[in-house]
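Position 144 of the sequence shown, counted from 1, bears residue number 151 in our numbering, the numbering being contiguous throughout. Here is the structure we will look at, set down as structure tokens.
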Amino acid sequence: MSTRTWLTADTHFGHTNILKYENRPFQNPDYLERGTTELMDSEIIKRWNNVVAKDDRVFHLGDVGIYGKEKMTAIISQLNGRKTLIIGNHDRGHSNQWCRDAGFDEVSKYPIIINGYFVLRHEPPTYFNDATPFFFIYGHVHGTNLYKTVMKSAACVCVERWDYTPVELSKIIDLVALAE
């Protein structure tokens, strides 16, 4: 089986407020009016591992979580794949070494270009143009309607857009052909 490339962003492990800000669907059956980060964390881990194999490549485009190093290490160690983190605005309090110690194989505070064409970054570019020589893949915007999930020149990989599951790069490529 060949190695696949996956993308995701904005898991926000342990972030209680993200449950209400983004109306995430992780409900505690004892308290149906509010979600819990424990349920969210375990469900995102399960969905990640249902699609990502041990040797697959995963690019996390920032805002991993808000736990301390011990808890983040415990979560990241459960996630399949060789993981690369592009630092997001909620990750900036941690050094690259902290993130590597927590379980990421590679960490970058700058955008990364893969396959000579795909620009991976946390935030969307400020300007989209179908004539650009690059394709932008980003997170940060969660479920806002200001950005489409897939366009001719860009795609958003926030977990809210992909059922809280990493999305395979090949699926994005296939969807671009259908984008308006």
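Here a beta-carbon is modelled for each residue, glycine too, at the ideal position from N, C-alpha and C.
Query	Result
Are the Cβ atoms of Ile73 and Ala109 separated by less than 7 angstroms?	no
For Ser115, report the span of its alpha helix (DSSP H) as first-last.	Premise fails: Ser115 lies in the beta strand (DSSP E), Glu113 to Ser115, not in any alpha helix (DSSP H).
What are the boundary residues of the alpha helix (DSSP H) that Thr91 is part of?	No alpha helix (DSSP H) contains Thr91, which is instead part of the beta strand (DSSP E) from Arg89 to Ile93.
Alpha carbon to alpha carbon, what distance is there between Asn136 and Ile52?	35 angstroms
Rounded to whole angstroms, how far is the Cβ of Arg128 from the Cβ of Pro118, which I believe are closer than 8 angstroms?	4 angstroms
Measure from the alpha carbon of Arg168 to the alpha carbon of each residue in Asn152, Thr80, Pro132 and Asp181, then state which is nearest.	Asn152
Does the beta-carbon of Ile120 have 16 or more other beta-carbons within 10 angstroms, so that it is buried, or is it exposed?	exposed
From Ile144 to Val164, what distance separates their C-alpha atoms?	7 angstroms
Using 8 angstroms as the Cβ pair cut-off and three pairs as the minimum, do the segment 84-96 and the segment 57-71 touch?	yes
So, at 8 angstroms on beta carbons, what are the nonlocal neighbours of Leu70 in its own chain, with the 5 sequence-adjacent residues on each side left out?	For clarity, residue 70 is Asp in the given sequence; the question names Leu instead. Cβ within range, chain order: Ala16, Asp17, Thr18, His19, Gly95, Asn96, His97, Asp98, His129, Gly146 and His147.
Per DSSP, what are the beta-bridge partners of Ala162 in this structure?	Ile144 and Val157
In chain order, what residues of the same chain lie with their CB nearer than 8 angstroms to the CB of Ser3, ignoring the 5 residues before and after it?	Outside the shown range of the chain, which is 8 to 187, sits residue 3, and nothing can be said about it.
By Cβ distance below 7 angstroms, which residues in the same chain neighbour Pro173 in space, the five residues on each side in sequence not counted?	Trp13, Leu14, Thr15, Trp55, Val58, Val59 and Val65
At which residues does the alpha helix (DSSP H) containing Ile82 begin and terminate?	Lys76 to Gln85
Keeping to the same chain, check which residues put their C-beta closer than 6 angstroms to that of Thr23; ignore five residues upstream and five downstream.	Thr44
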